[in-house]
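Asker: Chains as they are written, first to last, in this note's numbering: chain A, 1 to 313; chain B, 314 to 851. Ideal Cβ placement from N, Cα and C applies to all residues, glycine included.
#1: Name the chain A residues whose beta carbon is nearer than 7 angstroms to that of residue 493(B)?
#2: With a threshold of 8 angstroms between beta-carbons, can residue 443(B) be considered close to chain A, or not?
#3: Would you check if there are 3 or more beta carbon pairs closer than 8 angstroms linking the segment 258-271 of chain A to the segment 154-161 of chain A?
#4: Determine which residues of the segment 537-567 of chain B have a Cβ less than 9 angstroms from any Cβ of chain A, and write them out in chain order.
#5: Which term fits residue 740(B), buried or exposed, when burial requires 16 or more other beta carbons within 10 angstroms of its beta carbon?
#6: Can you give me the Cβ contacts of residue 116(A) inside the same chain, cut-off strictly under 6 angstroms, excluding the 5 residues immediately before and after it?
#7: Spell out the partners DSSP gives residue 608(B) in its beta bridges.
#8: For the segment 721-732 of chain B, which residues have a beta carbon sitting closer than 7 angstroms to at least one beta carbon of chain A?
#9: Residues of chain B with a CB under 7 angstroms from the CB of residue 184(A): which are they?
#10: When you compare each of 638(B), 813(B), 579(B) to residue 597(B) by their alpha carbons, which one comes out closest?
#11: Using 8 angstroms for Cβ pairs, my map puts residue 498(B) next to residue 50(A). What's the rounded Cβ distance?
#12: Do we get a CB-CB distance below 8 angstroms when we pair residue 757(B) with the residues of chain A?
#13: Output the distance between the C-alpha atoms of residue 431(B) and residue 402(B), rounded to the nearest integer angstrom.
#14: Could you tell me whether any Cβ in chain B is nearer than 8 angstroms to the Cβ of residue 133(A)?
#15: Rounding to the nearest angstrom, what Cα-Cα distance links residue 473(B) and residue 506(B) in this structure?
#16: Do the segment 170-187 of chain A and the segment 101-109 of chain A meet, that is, are 3 or more Cβ pairs less than 8 angstroms apart?
#17: Count the other CB atoms within 10 Å of the CB of residue 824(B); is the residue buried (16 or more) or exposed (fewer)?
#18: Using C-beta distances below 6 angstroms, list every residue in its chain close to residue 129(A), excluding the 5 sequence neighbours before and after it, in chain order.
#19: Could you name the residues of the segment 216-237 of chain A whose beta carbon sits closer than 9 angstroms to any beta carbon of chain B, in the order they occur along the chain?
#20: Return the chain-ordered list of same chain residues with a C-beta closer than 6 angstroms to the C-beta of residue 78(A), the five sequence neighbours on each side being excluded.
#21: Could you check the C-alpha separation between residue 225(A) and residue 308(A) for me, to the nearest Å?
#22: With DSSP collapsed to three states, give me the class of residue 339(B).
#23: Using a Cβ-Cβ distance under 8 angstroms, would residue 774(B) count as near chain A?
#24: Would you verify that the beta carbon of residue 501(B) is, or is not, closer than 8 angstroms to some beta carbon of chain A?
#25: Given that a residue counts as buried once 16 or more other Cβ atoms are within 10 Å of its Cβ, and exposed if not, what is residue 619(B)?
#26: Indicate whether at least one CB of chain A lies closer than 8 angstroms to the CB of residue 521(B).
#27: May I ask which residues mark the beginning and end of the beta strand (DSSP E) holding residue 105(A)?
#28: Please state the DSSP three-state secondary structure of residue 812(B).
#29: What residue from 305(A), 48(A), 75(A), 294(A) has the CA that sits closest to residue 9(A)'s CA?
#30: May I have a chain-ordered list of the alpha helix (DSSP H) segments no shorter than 4 residues that lie completely inside the segment 247-306 of chain A?
#31: Do you know whose CA, among 91(A), 213(A), 62(A), lies nearest residue 76(A)'s CA?
#32: Are the C-beta of residue 164(A) and some C-beta of chain B separated by less than 8 angstroms?
#33: In chain A, what lies closer than 8 angstroms to residue 572(B) by C-beta?
#34: Nearest chain A C-beta to residue 423(B) closer than 8 angstroms, yes or no?
#35: If you count every other CB in all the chains shown that lies within 10 Å of the CB of residue 742(B), and 16 or more means buried, which is it?
#36: Mind listing the chain B neighbours of residue 90(A)? Cutoff is C-beta to C-beta under 9 angstroms, in chain order.
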């Protein structure tokens with residue numbers, strides 16, 4: 001197992017190098033000039049050139065890439081071209097809101113979607129099954145910003161249970177944190193609940209017809225034990241894959257939900273950086289995202305071995 | 314045994330039930346927590362990222378400048394320069410200006426503000442500001458003559474010195490410590506020590522999220538009542554936080570829910586949601602408003618031909634464009650003055666072609682006379698900026714009706730600002746036409762107005778008109794010593810600028826602000842400032 005993990009980590013190094021090179025070149029080939037964003041509307045060509053010079057943007061591409069790679073190897077992601085804030089500080093400021101949103105969303109999703117999926121499979125073809133599927137289709141079909149505004153109108157404006165927007169760190173207290181993260185997480189969860197409930201239902205339907213399920217029932221085990229201990233565990237591999245990639249997607253940024261609820265997460269940072277052509281920030285964010293995908297895929301693969309004893313590395 | 318029949322196995326325990334009950338009670342009792350009575354939470358028109366108010370003309374950075382820096386001079390509501398940090402005396406020949414800093418000026422780190430700081434700041438400003446660059450061509454020397462005095466000597470008359478130093482927008486004369494002001498003008502500063510009425514709380518700054526300002530307890534305001542950027546800057550709250558909300562609907566919900574106190578710019582189409590709430594006040598704080606305009610590129614065909622530029626202006630009209638941009642008569646008006654209506658130099662001189670509305674038949678005739686060969690007009694449309702996105706769409710249709718072939722190219726604003734800096738031909742990435750907006754104080758005189766510069770490829774603003782006659786007239790304006798002569802020259806400049814189609818103003822508009830009624834004392838002026846503002850308990 002450890003040899004497998006080491007191999008996977010080593011294999012990710014060339015992936016990251018290719019990503020870094022690709023992102024660097026792609027950004028430089030995209031039209032846009034950070035100097036123009038900094039200088040504002042009144043700048044003359046000479047003033048723009050002066051700013052480009054001071055930011056090192058007039059250097060040849062190879063020189064810029066070598067400088068950036070050298071910084072990366074020493075753990076320095078550089079500074080934002082626009083605000084001059086260190087890139088790691090910017091990412092650090094946005095990491096907690098993003099992680100909080102992703103984790104709470106995933107908790108809500110798993111708590112609701114797995115039982116829904118199991119129930120729908122167990123009651124296959126019944127009204128319950130149809131109801132679960134209808135809820136899934138609805139959750140999948142309504143755009144997330146519409147769901148968000150509906151939740152805000154009901155829970156924040158009409159009932160005044162939660163604030164409309166914003167984020168508070170968990171260090172400022174459990175309720176301030178929870179009251180602000182719950183609605184955005186619930187909004188985002190509607191999509192994942194739909195996805196994972198359907199996936200759970202499909203995977204469960206596959207295994208519920210298996211001999212070992214019949215055997216378990218014949219042994220007189222309760223339905224709860226049959227469903228959750230025998231069937232669900234065997235259906236877990238595809239579900240885990242979707243949960244894992246869904247989680248990675250959420251960490252790499254869910255800009256619409258972040259905007260509707262004013263959560264200062266990585267999604268907004270990414271969009272802002274792209275619009276401003278803030279090269280060091282975009283590069284770092286894409287590297288971070290790639291790293292997250294590598295790690296989460298690795299964790300998913302490792303978890304297969306725990307969920308299914310037949311899988312060995 | 315069915316799953317549901319065994320549901321009792323899933324009944325919550327007493328402990329869980331108690332916890333649920335407690336949660337419901339807690340939830341139902343929760344009302345959005347009121348913010349600190351001494352903190353103003355404001356949503357500004359954009360998030361602040363660049364913190365150097367000299368390197369950029371971005372309005373949000375200018376607003377930041379007014380929070381933490383002071384200006385040498387202020388401008389009052391009658392558009393007259395007034396002392397702010399400094400008073401002044403002018404020699405009889407008008408060539409020597411002696412400035413004296415007032416008592417009590419201190420940096421946020423406690424050090425005294427000296428004339429060396431003021432001189433260094435003015436020199437850096439002189440490298441960036443268009444009007445100041447023109448002024449510095451006439452400056453013989455600018456030197457400190459004591460801790461609190463400095464002298465500006467001119468080599469030739471330039472009578473617009475005080476107006477430039479007092480201007481409220483573009484690049485105002487924010488004064489920084491000498492060590493900071495010595496930063497090269499093309500490089501951003503990294504030390505945010507000011508002497509203004511608020512201090513910047515750097516530790517709480519999150520670009521794109523929030524900027525926090527706390528009251529500068531050591532600031533000594535002037536005794537006069539506040540009037541625009543002149544008079545006493547008395548701070549009446551402990552803290553101002555600028556919260557960035559990229560979604561305007563969220564900002565509207567937040568102010569309705571009492572989570573924020575102020576929205577600087579309220580989209581017109583969302584006004585009904587705010588005007589229905591008696592706890593809110595919706596008003597225009599900057600009655601002078603904005604000018605929206607089209608710029609043509611003099612370097613590329615077909616707009617290198619003055620007759621074709623004139624045909625384009627004849628094909629356009631202000632009202633259709635304003636209707637698409639604003640759509641509410643209360644917040645828009647046609648205006649033929651390049652200096653903005655309601656300003657000292659406002660004039661209709663030469664504006665007849667644009668003020669007559671779209672004249673497609675006349676435009677077609679003019680094009681025929683000019684020998685227009687159907688060369689497409691590359692019109693850049695920024696799709697991501699709501700205040701500039703509609704104008705090109707309407708203009709494209711009006712130009713087509715006037716006989717032009719138009720190639721409207723949608724792009725993001727960042728691509729547009731990069732491409733507009735290109736002096737290449739259209740096939741090599743150049744362009745023919747784009748739109749942008751200015752606040753009126755940025756265009757209200759021939760010196761301030763960035764478009765009225767005929768310096769060609771080297772010195773003029775994007776579009777690069779090569780117009781020595783215009784520059785000669787601007788110099789005369791700068792040298793004129795009395796107001797009437799200035800007005801006459803300003804009118805002549807405008808008539809000439811329309812004649813050669815330097816640019817095409819397509820109307821003016823205002824944007825209302827929204828504040829909770831707990832705020833009082835917001836000053837009506839072109840720049841949103843937070844001195845003089847009080848906050849009562851909501």
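Answerer: Let's see:
#1: Counting from one through the second chain, the residue named residue 493(B) turns up at place 180. Those do not exist, as residue 493(B) stays about 14 angstroms from chain A at its closest Cβ, beyond 7 angstroms.
#2: Against the second chain, residue 443(B) aligns to sequence position 130. Yes - at least one Cβ of chain A is within 8 angstroms of the one on residue 443(B).
#3: no
#4: 556, 557, 558, 559, 560, 562, 563, 564, 566, 567
#5: As a working mapping, residue 740(B) is identified with position 427 in the second chain. Exposed is the call here.
#6: In the first chain, counting from the first residue as 1, residue 116(A) sits at position 116. So the qualifying residues of the chain are 132, 197.
#7: Position 295 of the second chain holds residue 608(B). According to DSSP, which records beta bridges pairwise, residue 608(B) is partnered with 747(B).
#8: 725, 727, 728, 730, 731, 732
#9: Numbered from its first residue, the first chain carries residue 184(A) at position 184. Near residue 184(A) there are no residues of chain B at all, since even the closest Cβ is about 11 angstroms away, more than 7 angstroms.
#10: In the second chain, the residue the question calls residue 597(B) occupies position 284. That would be 579(B), whose Cα lies nearest to the Cα of residue 597(B).
#11: On the second chain, position 185 is the one that residue 498(B) refers to. On the first chain, position 50 is the one that residue 50(A) refers to. So it is a contact: roughly 7 angstroms between Cβ atoms.
#12: The residue labelled residue 757(B) in the question sits at position 444 within the second chain. By this cut-off, residue 757(B) is not an interface position.
#13: By 1-based counting over the second chain, the position of residue 431(B) is 118. By 1-based counting over the second chain, the position of residue 402(B) is 89. Distance between the alpha carbons of residue 431(B) and residue 402(B) is about 16 angstroms.
#14: By one-based count along the first chain, residue 133(A) stands at place 133. No - not a single Cβ of chain B is within 8 angstroms of the one on residue 133(A).
#15: Taking the second chain and counting its residues from 1, one reaches residue 473(B) at position 160. Taking the second chain and counting its residues from 1, one reaches residue 506(B) at position 193. Distance between the alpha carbons of residue 473(B) and residue 506(B): 29 angstroms.
#16: yes
#17: As a position in the second chain, residue 824(B) is number 511, starting the count at 1. Buried, since its Cβ has 16 or more Cβ neighbours within 10 Å.
#18: On the first chain, residue 129(A) is found 129 positions in, with the first residue counted as 1. Hits under 6 angstroms: 120, 123.
#19: 222, 223, 224, 227
#20: Position 78 of the first chain, counting from 1, holds the residue named residue 78(A). Excluding sequence neighbours, residue 78(A) sits near 71, 87, 280.
#21: As a first step, residue 225(A) is located in the first chain; it is residue number 225 there, counting from the start. As a first step, residue 308(A) is located in the first chain; it is residue number 308 there, counting from the start. Approximately 17 angstroms, taken between the alpha carbons.
#22: Mapped onto the second chain, residue 339(B) falls at position 26. Because the pLDDT at residue 339(B) is just 41, under 50, the model does not fix this residue reliably, and the point stays unresolved.
#23: Counting from 1 along the second chain, the entry for residue 774(B) is found at position 461. Chain A, which has a Cβ nearer than 8 angstroms to the Cβ of residue 774(B), makes this yes.
#24: One-based indexing of the second chain puts residue 501(B) at position 188. Yes - at least one Cβ of chain A is within 8 angstroms of the one on residue 501(B).
#25: Taking the first residue of the second chain as 1, we reach residue 619(B) at position 306. With fewer than 16 other Cβ atoms within 10 Å, it is exposed.
#26: Taking the first residue of the second chain as position 1, residue 521(B) is located at position 208. Answer yes: the Cβ-Cβ gap between residue 521(B) and chain A drops below 8 angstroms somewhere.
#27: Within the first chain, numbered from 1, the residue matching residue 105(A) stands at position 105. Residue 105(A) -> not in any beta strand (DSSP E); alpha helix (DSSP H) instead, spanning 87-122.
#28: Counting from 1 along the second chain, the entry for residue 812(B) is found at position 499. In the structure shown, residue 812(B) sits in a helix (DSSP, three-state: H, G or I).
#29: Here the question's residue 9(A) lines up with position 9 in the first chain. For residue 9(A), the nearest C-alpha among the options comes from 294(A).
#30: 255-260, 266-275
#31: For the purposes of this step, residue 76(A) is identified with residue 76 of the first chain, where counting begins at 1. Looking at the Cα atoms, 91(A) is the closest of the given residues.
#32: Within the first chain, the letter at position 164 stands for residue 164(A). Yes, residue 164(A) counts as interfacial toward chain B.
#33: In the second chain, the residue the question calls residue 572(B) occupies position 259. Residues of chain A passing the Cβ test: 163, 164, 165, 166.
#34: In the second chain, counting from the first residue as 1, residue 423(B) sits at position 110. Output row for residue 423(B): interface = no.
#35: Translated into the one-based positions of the second chain, residue 742(B) becomes position 429. Under this definition residue 742(B) is an exposed residue.
#36: For the purposes of this step, residue 90(A) is taken as the residue at position 90 of the first chain. Here the neighbours are 519, 520, 521.
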